[in-house]
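So the sequence shown is numbered by the numbering used here: it starts at 4 and just counts up by one.
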Amino acid sequence: MEILKFPHPALLTPCKSVTVFGSELKTILDSMYKTMIEAKGIGLAANQVGLDLRMFTMILEGGTRLDVINPEICDSSKTINQFKEGCLSAPGEFVITGDRPSWVAVKYQDEFGLTHGNIFFGINAVAFFHELDHLDGKAFIQSKNIPKKKRREICRRWGLKP
Ligand code: CO
4 MEILKFPHPA LLTPCKSVTV FGSELKTILD SMYKTMIEAK GIGLAANQVG LDLRMFTMIL
64 EGGTRLDVIN PEICDSSKTI NQFKEGCLSA PGEFVITGDR PSWVAVKYQD EFGLTHGNIF
124 FGINAVAFFH ELDHLDGKAF IQSKNIPKKK RREICRRWGL KP
């Protein structure tokens with residue numbers, strides 16, 4: 004699969020919910036996972052490879068693969084994490100978005116449509132929010148918490164409105 008870079012329109016458009024479940028979905032996720040590993044990433048959303056599907060794959064701290072379909076945020080902390088984020092759609096760009104909650108309670112579905120609940124902390128929470136932003140058509144480099152001057156400079160580099 005080819006990874007799209009900003010400002011590709013697929014990265015700026017919210018993805019449609021997954022409504023058809025089954026092993027074909029796992030085949031797509033396997034292919035996304037392989038693409039992510041080859042690119043040395045820790046998360047990849049479907050629209051990053053041009054698929055209009057509300058799902059992503061990621062690696063949790065410790066190395067476990069997690070496939071997430073139709074994610075929803077149930078609750079999140081008021082305290083904020085300060086992690087430097089990178090993105091396979093903006094290679095070489097690393098930035099602290101400054102607005103990622105320290106933990107998040109989520110639910111999502113697996114490839115058979117079964118719902119799962121989980122709580123993620125630290126880097127896992129940051130990665131989850133980063134991928135969820137992709138599915139909502141948002142770019143991490145447009146985060147309002149990045150100082151204005153820096154945001155402008157980074158967004159210009161990737162052809163995005165600051
Ligand atoms: Co990304």
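Just so you know, even glycine gets a beta-carbon here, dropped at the ideal spot from N, CA and C.
- Judged by DSSP in its simplified three-state form, Q145 adopts helix.
- Secondary structure note for H119: its beta strand (DSSP E) is the uninterrupted segment 118-124.
- Around the beta carbon of A48, 16 or more other beta carbons lie within 10 angstroms, which makes this residue buried.
- A distance criterion of 7 Å places the beta-carbon of C90 in contact range of the ligand CO, judged by its closest non-hydrogen atom.
- At a threshold of 7 Å, H137 counts as near the ligand CO, since its beta carbon sits closer than that to one of the ligand's heavy atoms.
- The beta carbon of L91 lies closer than 6 Å to those of I6, A42, G44 in the same chain, with the five residues before and after it left out.
- DSSP places C77 within a strand segment (E or B) once states are collapsed to three.
- Per DSSP, the unbroken beta strand (DSSP E) holding L47 starts and ends at 46-48.
- DSSP, read as helix, strand or coil, puts P104 in strand.
- Distances taken from the Cβ of H119 to the heavy atoms of the ligand CO include none shorter than 7 Å.
- Boundaries of the beta strand (DSSP E) harbouring M58: 58-62, taken from the DSSP string.
- By the Cβ test, the segment 65-74 is in contact with the segment 111-127, since at least three Cβ pairs between them sit closer than 8 Å.
- In this chain, the alpha helix (DSSP H) harbouring I157 covers 151-160.
- Taking the Cα positions, G116 is about 12 Å away from E27.
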